[in-house]
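Residue numbers (UniProt numbering): 1 to 218. A quick write-up on the structure given underneath.
Take a look at the structure:
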């Protein structure tokens, strides 16, 4: 098919792949290998479904991930790194029988200023056709290649309200953890839901959220 015929008959092209590790070993021989790192998460209605940048009052509540690239490309004269980032919706096709279709999602990449902690947009992709739909529940998977590590960020001083929440969390934690002072993702979900259930009108934090919290401090 000629390019002219293709553009005349098609309006949208979607290219799907399983990831760099889906190639056969023979295809990977004598070639640079990508490393892949995945993060699972979810947008929870009225908690962290913040919408696109058109809604600055809620945009900051969206799930955030820090990525640090330390190994520059061998053939890059400027010692720069290459990374591919993608956000994938999960389980939406299974719900088409319920009348639910794919949501319009996207992501934004910020470059962090090490001195002040302020961020500058350096890239991203957003397909926000229905800009009014900023409060939806859905699960997602963020995939980045090559592998990237993260650093803990220094938090500002806590307010009186935050100190009260912290004390309640400590008490709930001690009740669940027992003598070993350790809890798993299931127990963590029970703790945070018991603390925040009265502050928000939502169904509670999911198991994926609790697992992400455990993984951050593992």
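Idealized CB from N, CA, C, for every residue including glycine.
{"Check": "Nearest-angstrom Cα distance between residue 173 and residue 67?", "Outcome": "30 Å"}
{"Check": "In this structure, does DSSP put residue 42 in helix, strand or coil?", "Outcome": "strand"}
{"Check": "Indicate the three-state DSSP secondary structure (helix, strand or coil) for residue 191 in the structure shown.", "Outcome": "helix"}
{"Check": "How should residue 189 be labelled, buried or exposed, when 16 other C-beta atoms within 10 angstroms of its C-beta is the threshold for buried?", "Outcome": "buried"}
{"Check": "Once you ignore the five residues that flank residue 220 on each side, which residues in its own chain have a CB closer than 8 Å to its CB?", "Outcome": "Summary: the structure shown does not reach residue 220, with the chain confined to residues 1 through 218, and so no result is reported for it."}
{"Check": "What span of residues does the beta strand (DSSP E) with residue 89 cover, start to end?", "Outcome": "84-90"}
{"Check": "Over what stretch of residues does the beta strand (DSSP E) that includes residue 106 continue unbroken?", "Outcome": "106-112"}
{"Check": "Evaluate contact between the segment 89-103 and the segment 50-68, counting only Cβ atoms and requiring at least three cross-stretch pairs below 8 Å.", "Outcome": "no"}
{"Check": "Can you look up residue 153 in the DSSP assignment and give me helix, strand or coil?", "Outcome": "Reliability fails at residue 153, whose pLDDT of 43 lies under 50, so the model's placement of it is uncertain and the value that follows must be treated cautiously. Residue 153: coil per DSSP, three-state reduction."}
{"Check": "Taking 8 Å as the threshold (C-beta atoms), are residue 109 and residue 87 in contact?", "Outcome": "no"}
{"Check": "Residues bridged to residue 209 by DSSP?", "Outcome": "According to DSSP, residue 209 bridges with nothing at all."}
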